[in-house]
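Keeping their order, the protein sequence lines are chains A and B. In this text, residue positions in the first sequence follow the numbering used here: the first is 1, and each later residue adds one. In this text, residue positions in the second sequence follow the numbering used here: the first is 1001, and each later residue adds one. The beta-carbon is built from N, C-alpha and C at its ideal position, and this holds for glycine as well. Written out below as structure tokens is the structure these notes cover.
Protein chains: 2
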Amino acid sequence: MPSTPIFSQSTRVMGLVLCTVALLFAHAYAQADPLPSWHEGLAKQSIITFVDATTNQASPNYVPPEARIATFDNDGTLWTEQPLYAQLLFALDRVKVLAPQHPEWKNQEPFASLLKGDVKAALAGGAKSMEEIVMATHAGMTTDEFTRLVQDWLATAKHPKTGRPYTEMVYQPILELLAYLRANGFKTFIVSGGGIEFMRPWTERVYGIPPEQVIGSSIKTKFELREGKPALVRLAELNFIDDKDGKPVGINQHIGRRPIAAFGNSDGDRQMLEYTTGGDGARLAMLVLHDDATREVAYGPANGLPATQVGAFTQALYDEATQQGWTVISMKHDWTHVFPFEQP
Amino acid sequence: MPSTPIFSQSTRVMGLVLCTVALLFAHAYAQADPLPSWHEGLAKQSIITFVDATTNQASPNYVPPEARIATFDNDGTLWTEQPLYAQLLFALDRVKVLAPQHPEWKNQEPFASLLKGDVKAALAGGAKSMEEIVMATHAGMTTDEFTRLVQDWLATAKHPKTGRPYTEMVYQPILELLAYLRANGFKTFIVSGGGIEFMRPWTERVYGIPPEQVIGSSIKTKFELREGKPALVRLAELNFIDDKDGKPVGINQHIGRRPIAAFGNSDGDRQMLEYTTGGDGARLAMLVLHDDATREVAYGPANGLPATQVGAFTQALYDEATQQGWTVISMKHDWTHVFPFEQP
Chain A
1 MPSTPIFSQS TRVMGLVLCT VALLFAHAYA QADPLPSWHE GLAKQSIITF
51 VDATTNQASP NYVPPEARIA TFDNDGTLWT EQPLYAQLLF ALDRVKVLAP
101 QHPEWKNQEP FASLLKGDVK AALAGGAKSM EEIVMATHAG MTTDEFTRLV
151 QDWLATAKHP KTGRPYTEMV YQPILELLAY LRANGFKTFI VSGGGIEFMR
201 PWTERVYGIP PEQVIGSSIK TKFELREGKP ALVRLAELNF IDDKDGKPVG
251 INQHIGRRPI AAFGNSDGDR QMLEYTTGGD GARLAMLVLH DDATREVAYG
301 PANGLPATQV GAFTQALYDE ATQQGWTVIS MKHDWTHVFP FEQP
Chain B
1001 MPSTPIFSQS TRVMGLVLCT VALLFAHAYA QADPLPSWHE GLAKQSIITF
1051 VDATTNQASP NYVPPEARIA TFDNDGTLWT EQPLYAQLLF ALDRVKVLAP
1101 QHPEWKNQEP FASLLKGDVK AALAGGAKSM EEIVMATHAG MTTDEFTRLV
1151 QDWLATAKHP KTGRPYTEMV YQPILELLAY LRANGFKTFI VSGGGIEFMR
1201 PWTERVYGIP PEQVIGSSIK TKFELREGKP ALVRLAELNF IDDKDGKPVG
1251 INQHIGRRPI AAFGNSDGDR QMLEYTTGGD GARLAMLVLH DDATREVAYG
1301 PANGLPATQV GAFTQALYDE ATQQGWTVIS MKHDWTHVFP FEQP
């Protein structure tokens, strides 16, 4: 059969135009910046270099998709931890709600100070006071009931400085990093000192991280029938503290593989970063330094920044980061935006 | 432009033929039996009905993909547990390997009996003897070292009856069920009384279940530097028993959602099935009854089947299954093949 033109000249021109548009679009797409809220610089470049090295099959540091595990601290890394951990503010609000059922709290610390509005005095007892507050407010109900308490609180509670819901006080550059890693076959996990059941009700919606990829501290639970229905009841007994030395333990317990990338912001993340970078091949370890008093809070005490009540990034951690080749992210210099609501 | 024929008659005929073949293939594919090793019957039908009900968006019992959680017991549900749990046989082999370093074992139970080859006497002490054997063989090394011990053992150990590697003593119909559920958007988890670190080295290869979707019993680990490298060392201290009441607790700890489908085979799975079916909407709960002395082992003691040293399916569990509407799978009557190596 002789070759026969099947398109008119005008159709062919239209085809050419569409083709060009498609190619330009594809090119633009390929070139699109996956981390638009990051200034060009060492931090951004170290992320992109690492992802290229581990996902390019020709690279000597190629990692198969199933081993692309990335772990993120939550408080101070994914969302703000100042002036206090959101979970602690939730607990303080719960103390007020529960106070009428506990007349004895009026004369019993840390509750007495709390009910007078003196948070600083209430927390003067340190970890012991915090544990008492957590046990009084986080135990005694089923896991389903606790989930609803967290959801209800988050729906109305406002950050004391910005007046915004806590779930909006998340870091836009880290949301982009999560999406970029996932688009490149990484599985993203939260590894937080915070309560596992406090995070799970909202991490999928806010971070795209499902409950089964959330690791955190926990109290014990007990299986029993409640009103004839099988339920898990939360007990006033510590189960696991997912902080410092506990982070690698929690990672192994839940994931069963060593991560190849880890992100934190405080001394509580040191062992997670050590464990992550202790494996072979390309590794990425990053720490967010909150040095931006204008857009969030500047605190350390590394680099002479002021210490705050929670979330210490000490000079010792800063020095270890330098020595180990971990990347310190400067909130002030590396991020064009901090929170999503600042977006143009 | 006038319409112009662009294909010769013969090309058009060829096109028609290819089209027909493609359509037939598509039809055959859509009709392909996802569970070919299952006889037609109640068990197979209950699986298909459940999957249809939970994945069809028009169904009142539709479940979004992220909530399609299915949990599987391992010993006796995914692979054989007779004549003894594979992990126990691994531990017995480790006792022999380690015996020269422990001359005291010659006069110390349960090791003395074991080294004389009298497994029954060694296990006469029940859970306490088993725990002593596990601690003596599963602790004291790093998690990476333990993984290699498991891999090396599985590469050479043979099932005493069939002479096949344990990883071939898996149930073909359950492998098909796993694949069918995953093809329908389910996330499949192992929830086993067995050791979490004993299963993780091979579950991805054998079942397609990655380490982070394996839940099991565990001993404590400790983060420390070994020869300057960060590692997790396994301690001779129980952390968690993922059996009976522990299964719903382990599920909540690792997954953070209530499963909508659960599969087991013994009294150790009762609470997992209760917890799973205690939620709203369509639920699927199934128990494998090993009633096939020809192709595997017939044991209960439900239905008058003989009791064995491990893996009891009691009459009380059988009665609860009947009462609750859980499906009992008869290995003898519901499965056309038991093991993959029986495939035609």
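Neighbour flag for residue i against chain A, beta carbons, 8 Å
| i | result |
| --- | --- |
| glycine 1195 (chain B) | no |
| threonine 980 (chain B) | Only positions 1001 to 1344 of chain B appear in this structure, which leaves residue 980 (chain B) out of reach. |
| threonine 1188 (chain B) | no |
| alanine 1087 (chain B) | Sequence check: residue 1087 (chain B) is glutamine here, not alanine. For glutamine 1087 (chain B), the answer is no, since every Cβ of chain A falls outside 8 Å of its Cβ. |
| glutamate 1320 (chain B) | no |
| lysine 1229 (chain B) | yes |
| glycine 1278 (chain B) | yes |
| leucine 1232 (chain B) | yes |
| arginine 1200 (chain B) | yes |
| proline 1223 (chain B) | Residue identity check: residue 1223 (chain B) is phenylalanine in the sequence provided, not proline. Closer than 8 Å to some Cβ of chain A, the Cβ of phenylalanine 1223 (chain B) qualifies, so yes. |
| serine 1218 (chain B) | yes |
| glycine 1117 (chain B) | no |
Interface flag, residue i vs chain B, CB-CB below 8 Å
| i | result |
| --- | --- |
| asparagine 56 (chain A) | no |
| alanine 275 (chain A) | Contrary to the premise, residue 275 (chain A) reads as tyrosine rather than alanine in this sequence. For tyrosine 275 (chain A), the answer is yes, since a Cβ of chain B falls inside 8 Å of its Cβ. |
| alanine 125 (chain A) | First, the amino acid is wrong: residue 125 (chain A) is glycine here, not alanine. No, because no Cβ of chain B sits closer than 8 Å to the Cβ of glycine 125 (chain A). |
| phenylalanine 348 (chain A) | No statement about residue 348 (chain A) is possible, as the shown extent of chain A runs from 1 to 344 and does not include it. |
| proline 2 (chain A) | Because the pLDDT at proline 2 (chain A) is just 43, under 50, the model does not fix this residue reliably, and the value given afterwards should be weighed accordingly. Judged by the 8 Å Cβ criterion, proline 2 (chain A) is not in contact with chain B. |
| arginine 270 (chain A) | no |
| threonine 71 (chain A) | no |
| glycine 256 (chain A) | yes |
| glutamate 66 (chain A) | yes |
| threonine 143 (chain A) | yes |
| phenylalanine 349 (chain A) | For chain A, the structure presents residues 1 to 344; residue 349 (chain A) sits outside this window and is missing. |
| glutamine 324 (chain A) | no |
Pair within 8 Å by beta-carbon distance, residue i and residue j
| i | j | result |
| --- | --- | --- |
| histidine 1247 (chain B) | arginine 1068 (chain B) | Rather than histidine, the amino acid found at residue 1247 (chain B) in this sequence is lysine. The answer is no: Cβ separation not under 8 Å. |
| threonine 1327 (chain B) | leucine 1042 (chain B) | yes |
| phenylalanine 313 (chain A) | glycine 304 (chain A) | no |
| glutamate 282 (chain A) | phenylalanine 50 (chain A) | The question names glutamate, yet the displayed sequence has alanine at residue 282 (chain A). Yes, these two residues count as a Cβ contact at 8 Å. |
| proline 371 (chain A) | threonine 156 (chain A) | What is shown of chain A runs 1 to 344, which leaves residue 371 (chain A) out entirely. |
| serine 330 (chain A) | leucine 289 (chain A) | yes |
| histidine 138 (chain A) | arginine 226 (chain A) | no |
| histidine 1337 (chain B) | serine 1037 (chain B) | yes |
| alanine 1345 (chain B) | alanine 1070 (chain B) | The structure shown has nothing for residue 1345 (chain B), since chain B only spans 1001 to 1344. |
| serine 1266 (chain B) | glycine 1311 (chain B) | yes |
| serine 1345 (chain B) | isoleucine 1190 (chain B) | With chain B covering only 1001 through 1344, there is no way to say anything about residue 1345 (chain B). |
| methionine 986 (chain B) | glycine 1278 (chain B) | No answer is possible for residue 986 (chain B): the residues shown for chain B start at 1001 and end at 1344. |
| valine 1214 (chain B) | glycine 256 (chain A) | yes |
| glycine 1228 (chain B) | aspartate 1075 (chain B) | no |
From the options, residue whose alpha carbon lies closest to that of residue i
| i | options | result |
| --- | --- | --- |
| glutamine 87 (chain A) | A:Leu98, A:Ile47, A:Gly125 and A:Glu131 | A:Glu131 |
| aspartate 243 (chain A) | B:Ile1251, B:Ile1260 and B:Lys1222 | B:Lys1222 |
| lysine 220 (chain A) | A:Leu232, A:Glu227 and A:Arg226 | A:Leu232 |
| isoleucine 133 (chain A) | A:Met141, A:Thr142 and A:Leu123 | A:Leu123 |
| aspartate 1291 (chain B) | B:Glu1224, B:Leu1273, B:Val1191 and B:His1333 | B:His1333 |
| alanine 293 (chain A) | A:Leu175, A:Met286 and A:Pro306 | A:Pro306 |
| asparagine 1239 (chain B) | A:Val249, A:Asp245 and A:Pro100 | A:Val249 |
| valine 97 (chain A) | A:Ser217, A:Pro110, A:Leu115 and A:Asn107 | A:Leu115 |
| glycine 268 (chain A) | A:Phe341, A:Leu89, A:Tyr318 and A:Val297 | A:Tyr318 |
| glutamine 1309 (chain B) | B:Ala1236, B:Lys1120, B:Tyr1166 and B:Pro1064 | B:Lys1120 |
| aspartate 1144 (chain B) | A:Ala298, A:Pro340 and A:Tyr275 | A:Tyr275 |
| tryptophan 1335 (chain B) | B:Ser1129, B:Met1135 and B:Lys1044 | B:Lys1044 |
field: Residues from the region 1235-1254 of chain B in contact with chain A, defined by Cβ distance under 7 Å
entry: Asp1245, Pro1248, Val1249, Asn1252, Gln1253 and His1254
task: Assess, as a yes-or-no matter, whether the region 1150-1160 of chain B is touched by the region 1172-1188 of chain B under the definition of 3 or more beta carbon pairs within less than 8 Å.
output: The region 1172-1188 of chain B makes no contact with the region 1150-1160 of chain B: fewer than 3 CB pairs, one atom from each, lie closer than 8 Å.
- prompt: Closer than 8 Å, Cβ to any Cβ of chain A: which residues of the region 1202-1213 of chain B, in chain order?
  reply: Answer set for the region 1202-1213 of chain B: Glu1204, Pro1210, Pro1211, Glu1212 and Gln1213.
Touch test, the region 61-80 of chain A against the region 163-171 of chain A, Cβ-Cβ under 8 Å, three pairs minimum: These segments touch.
- request: Taking only beta carbons into account, state which residues of the region 326-343 of chain A come closer than 8 Å to chain B, listed in chain order.
  value: none
- prompt: According to a CB-to-CB cut-off of less than 7 Å, which residues of the region 147-172 of chain A neighbour chain B?
  reply: none
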